[in-house]
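S.K.: Take 760 as the starting number for the sequence shown in the numbering used here and just add one per residue.
Glycine residues also receive a C-beta, built at the ideal position from the N, C-alpha and C atoms.
Remember, predicted model here, so these are calculated numbers, not experimental data.
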Amino acid sequence: MKDLKIVSHTKKKIAIPISDGMLDTHFGHCKQFAMVDTEGETIIDTSYTDAPPHQPGLLPRWLPERGVTDVIAGGMGQRAIELFNARGVNVFVGAPKLSPEELVKGYLEKSLLFSANYCDH
């Protein structure tokens, strides 16, 4: 795996793939995204948007067009990670199946534990 550059943002819009209010571990096939706006270590707003139909390479364009700076996911293919990074979007994979608010709170507090990226494509 290549070394990935992390881009620092003071204000963030963090996208989390969800189904039934919890992290959807299969990023590309989720039903919705939680879009969590943060400033520093504070959650400012959370909104939800329906995901577009699955199409390889679409989400790494679609999410940044909506202002996303970071993605927290369970698993994601290496090519998608590279496409996000090329657009300045940080990707964190291996997140546990929690609510968007719990994930972002843990991420901002640096207490969220990430495991392996279980996506094999």
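Check whether the stretch 835-844 and the stretch 864-871 are in contact - that is, three or more C-beta pairs closer than 8 Å.
M.R.: no
S.K.: Can you tell which of H785, T769, P776 has its C-alpha closest to the C-alpha of G834?
M.R.: H785
S.K.: Could you tell me the alpha carbon to alpha carbon distance between G799 and K771, rounded to whole angstroms?
M.R.: 8 Å
S.K.: Within the chosen definition, does the stretch 850-860 reach the stretch 809-816 through at least 3 CB pairs nearer than 8 Å?
M.R.: No: fewer than three Cβ pairs fall under 8 Å.
S.K.: Which partner residues does H785 have in the DSSP bridge list?
M.R.: The partner list for H785 (beta bridge, DSSP) reads G834.
S.K.: Using the Cα positions of S870 and A793, report the straight-line distance between them to the nearest angstrom.
M.R.: 20 Å
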